[in-house]
Every structure is written in structure tokens, then in C-alpha cells.
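K.L.:
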DNA sequence: AATCAAAAATGACCACGGTCAATTACAAAA
DNA sequence: TTTTGTAATTGACCGTGGTCATTTTTGATT
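Residue numbers (the numbering used here), protein chains in the order written: chain A, 106 to 302; chain B, 106 to 302.
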């Protein structure tokens, strides 16, 4: 049985996250240096790694929080009426992840955790995303808006696959104009969700 | 106009690749250290980085070669007769990439390069993969085996998306049994290629 | 208050990828 | 052969993530 953490430890953890979030705000995710975080937080480097498994563990909390916020926004707008509207609902997610390769890489590293231990924020975020999508798809299915020959869970995971695909392509070109990830997603989802014969 | 490289340079490059391949053979991709490569090749570290942009650049050649070999195998077996057979054709690719996260990460980093400069082996591999898939899908379409309402290019890229999705999930669980990537792919492709209404 | 075991924090140290001004080897021109 | 410009290579050095034996802090117990 593990003891409850002391107050000092919680404060330190909070300070680390606070400082890290500030640095991300100023320099972006890719500008985050562990040394900068500990320096501004006034702790030793080892302390950070006793709070988070590694740099990714820290990032996972920051990014997981943001993903949760995005999901709040998605849920607030209610279920979409058709496939096109669903696609539009995903735009904020694409915008967020598309802003920095670091986010994409990290999410991908956790992306299959839909079933495992939900102790991490990111994992919880994924579960929530797939759950929400599944619910929406179920609604669209009963409304006859999309194909009904596949379980909504499969359709939901397929959507995640296309999200990552579009983002992967996005990060490969140097962002010189080119179709933004939002536009690129539409044809895939259209073909994926279209009623089957 | 850049001069042709001298013989010595070509030899050095060949030696680096040879040594790197040997180390991968012995320790796997994730066991590859730049220092080991240069030590065994008998050159200085800087030399390696004058031949390859970074460690990924070296890996890209090794992995690109292997991908090309896999594609040779795929092409040799000819076009599949139906969707299920197509899925089976992809198994070697899944097995290869699924063996080490390093391969997956690297391929993903280059995965969107379907259109850009094909100077890299990996990029060429991707183009070749999508081309081959497109050709096969076209055949299946005219044979009436799969949906005909979408261009074969889109279907091909969708398949790539599902390949990566399945692999991403695969790397998230600790490989303790669980459905191997090969099995996991089938339901997605079935749903993706099924004739539409 | 004094004692003590567990929790928390420390910072010197390491591993590894990557850089670049300086050096050496080469091949063409004089 | 000697000179000379450039291709090729060198290795000391750096940035950054991560480790761990040691030290400090904390709060319960006597």
C-alpha cells in the first residue's frame, strides 16, 4: 500500500506543470527543454523525473489536458446531424494537433491505449474520444445518415485512423500552403461512412 | 553543378551501410548506436553525418531497402483475386514493421511524401507501394470485387491509413499475445473496400 | 524535545546524437 | 614534379534527456 503524497510533493508537481505550460505558451511544445523547466521551477533535474517518467510523461499531462478541453468543446456542441457536420466537429482537433509535430508524435505513441490502464490523462482522452465518436455514430446510424453494416466502434476507430493519416501527410510537406488537414479529411470520411450496398 | 563523388567516398558510404546493416542484424534497429557504427567502420563520427543528414537518414536507407525487397515479393505474387487476398498480401509488411517501433516511427515520418522529391529510398518505396496498391485496386474494381464509387488512389491511401492504425495499436500494448496486426487489419479493409450502395 | 524511518529532493554524472573549424587526401593544372 | 583548389575526413566539443547514490525534509513515535 503506497502512502498518500505529502503536501510539498503536490506543490512541486503543480509548479512543474505550471512552469512547463508557461514555457509551451511562449515557445511552443518543441521549444520545451527539461533544464528550462527545472530552472524556472527552482528544483533539481532529478526531481522532475521523480514526478514524471520522462519528458514525454510531462508532455502527456499538458497535451492530455488540452485534448480534454477540446473534447469539452466537442461535447458542448452536441451530436452532428450528418457526416459532413461530424467532419467539421473534428476540425479543432486537427488544428491543435497539426500545430506541432511533438503533439502528433506523442498522441500516436499513446494512441492504441483505448483499452489498457487509464491512469494517464492522454489515455483517458483517447477513451473519451472514441466513446464520444461511437455515441455520435450510433445516433447517425439510427437516423439513417451513415452506413449501418458496421459496429459504431469500428467506424470510430477508422475515423481515428484517418485523422492520423491526414496529419501524417500534413507534417510531411513543409506546410507551404497545400490543403490543410481539415479539408483533406473530408473525402476519406465521406467514403468511410457512406451507406453500404 | 556538383561534382561526381570520388571513389573513396563511395567506399566509405558503402562501408557505413554495411556495418550498420550488420549491427541491425545482431541487435535490431533499436540497438543501433551511431558511435558503434563509426567505430566498426573505422571512421570518425563527423564522417557519418557528412554522408547522412542524421541517424534517421541512415536508417531510412536501410529500412527503405528492406521495404523495396518486400515490395518485390508482393509484386512477384501478382494481383490478388479479392479483398481478403489483398489483406493477406499485406501481412509481410505488417510483420516487418511490427517487429520494431523504430521502423514504424521512421516510416511514419516519411509517410506523406507520396508526391514530393523521390531522392530518398523510403520515399520511393512509398510511391511504389501506393502505386502498386492503386493498380491492384483498379483490377479488383473492374472485376467487381470491391466498391467502384471511389478512385483507386483514395482507396489505396485509406489502406495505408489502416495499416498505420493497426500498427499504432499494436505498439501500444506490450505484445503480450493479443491480436497480431495481421488479424486486426481484416475488418477495416473489409469495411473499407466493400461495395457501396 | 529527541529520535528515526520513509519521502522528497539534489546534482554530479552518463549516454547519445549532432556540429564545425581544422586537417588530410586527392586530382587536375602549371 | 610541384602547386593548388576542393573533396573528404577528423575529433574535440556541445546540447539535451535521463540516472542514481547521497543528502535533506518531514511527520509520526517515544
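Just so it is clear, CB atoms sit at the ideal spot from N, CA and C, and this is done for glycine as well.
Could you tell me whether any Cβ in chain B is nearer than 8 Å to the Cβ of residue 216 of chain A?
P.N.:
Cβ-Cβ to chain B under 8 Å: yes for residue 216 of chain A.
K.L.:
Going by other Cβ atoms of all chains shown within 10 Å of its Cβ, with 16 needed for buried, is residue 135 of chain B buried or exposed?
P.N.:
exposed
K.L.:
Just the Cα atoms here: how many angstroms apart are residue 130 of chain B and residue 240 of chain A?
P.N.:
Distance between residue 130 of chain B and residue 240 of chain A, taken at the CA atoms: about 47 Å.
K.L.:
Nearest to residue 288 of chain B by CA position, among B:256, B:227 and B:191, is which residue?
P.N.:
B:191
K.L.:
If we count Cβ pairs, one from each stretch, closer than 8 Å, do we get three or more for the stretch 156 to 165 of chain A versus the stretch 114 to 133 of chain A?
P.N.:
Touching, yes.
K.L.:
Any idea if residue 198 of chain B is buried or exposed, counting beta-carbon neighbours within 10 angstroms, 16 or more meaning buried?
P.N.:
buried
K.L.:
For residue 109 of chain A, which of helix, strand or coil comes out of DSSP?
P.N.:
coil
K.L.:
Ends of the alpha helix (DSSP H) at residue 279 of chain B?
P.N.:
That residue, residue 279 of chain B, is in no alpha helix (DSSP H); it is neither H nor E in DSSP.
K.L.:
Based on the DSSP output, what are the partners of residue 229 of chain A in its beta bridges?
P.N.:
Looking at the DSSP assignment, residue 229 of chain A forms no beta bridge with any residue, so it has no partner.
K.L.:
Going along chain A in order, which residues have a C-beta closer than 8 Å to the C-beta of residue 265 of chain B?
P.N.:
When 8 Å is used as the limit between beta carbons, residue 265 of chain B is near these residues of chain A: 270, in chain order.
K.L.:
Any C-beta of chain B sitting closer than 8 Å to the C-beta of residue 293 of chain A?
P.N.:
yes
K.L.:
Could you name the residues of the same chain whose beta carbon sits closer than 8 Å to that of residue 117 of chain B, not counting the 5 residues immediately before and after it, in chain order?
P.N.:
Within the same chain, residue 117 of chain B has close Cβ partners 146, 148, 152 and 156.
K.L.:
Taking 7 Å as the limit between beta carbons, can you name the residues of its chain near residue 194 of chain A, skipping five residues before and five after?
P.N.:
179, 182 and 185
K.L.:
Taking the CB atoms as reference points, tell me whether residue 188 of chain B and residue 298 of chain B lie closer together than 8 Å.
P.N.:
Note that the C-beta distance between residue 188 of chain B and residue 298 of chain B is below 8 Å.
K.L.:
List, in chain order, every chain B residue whose beta-carbon is nearer than 9 Å to that of residue 296 of chain A.
P.N.:
252, 254, 255, 259, 260, 263, 297 and 301
K.L.:
Per DSSP, which one or two residues make a beta bridge with residue 119 of chain A?
P.N.:
DSSP lists no partner for residue 119 of chain A.
K.L.:
So, does the CB of residue 275 of chain B fall closer than 8 Å to a CB anywhere in chain A?
P.N.:
yes
K.L.:
Let me know if residue 250 of chain B comes out buried or exposed under the rule of 16 or more other beta-carbons within 10 Å of its beta-carbon.
P.N.:
buried
K.L.:
Quick one: using the 10 Å Cβ neighbour count with 16 as the cut-off for buried, is residue 255 of chain A buried or exposed?
P.N.:
buried
K.L.:
Output yes if chain B places a C-beta closer than 8 Å to the C-beta of residue 195 of chain A; else output no.
P.N.:
no
K.L.:
Compute the beta-carbon to beta-carbon distance between residue 264 of chain A and residue 237 of chain A, rounded to the nearest angstrom, for a pair I have assumed lies under 8 Å.
P.N.:
With 8 Å as the limit, residue 264 of chain A and residue 237 of chain A do not qualify as a contact, their Cβ atoms being about 11 Å apart.
K.L.:
Which residues does DSSP pair with residue 193 of chain A in a beta bridge?
P.N.:
Answer is none; residue 193 of chain A lacks a bridge partner.
K.L.:
How would you write the range of the alpha helix (DSSP H) that residue 292 of chain A sits in, first residue to last?
P.N.:
Unbroken alpha helix (DSSP H) run through residue 292 of chain A: 286 to 298.
K.L.:
So, helix, strand or coil for residue 184 of chain A, using DSSP?
P.N.:
DSSP places residue 184 of chain A in coil when its eight states are reduced to three.
K.L.:
With a CB to CB cut of under 7 Å and the five nearest residues on each side skipped, what residues in its chain are close to residue 133 of chain A?
P.N.:
205
K.L.:
Could you give the DSSP three-state label for residue 126 of chain B: helix, strand or coil?
P.N.:
helix
K.L.:
Between residue 213 of chain B and chain A, is the shortest Cβ-Cβ distance under 8 Å, so that the two count as touching?
P.N.:
yes
K.L.:
Starting from residue 301 of chain B, follow its DSSP beta bridges and name the residues at the other end.
P.N.:
DSSP lists A:301 as partners of residue 301 of chain B.
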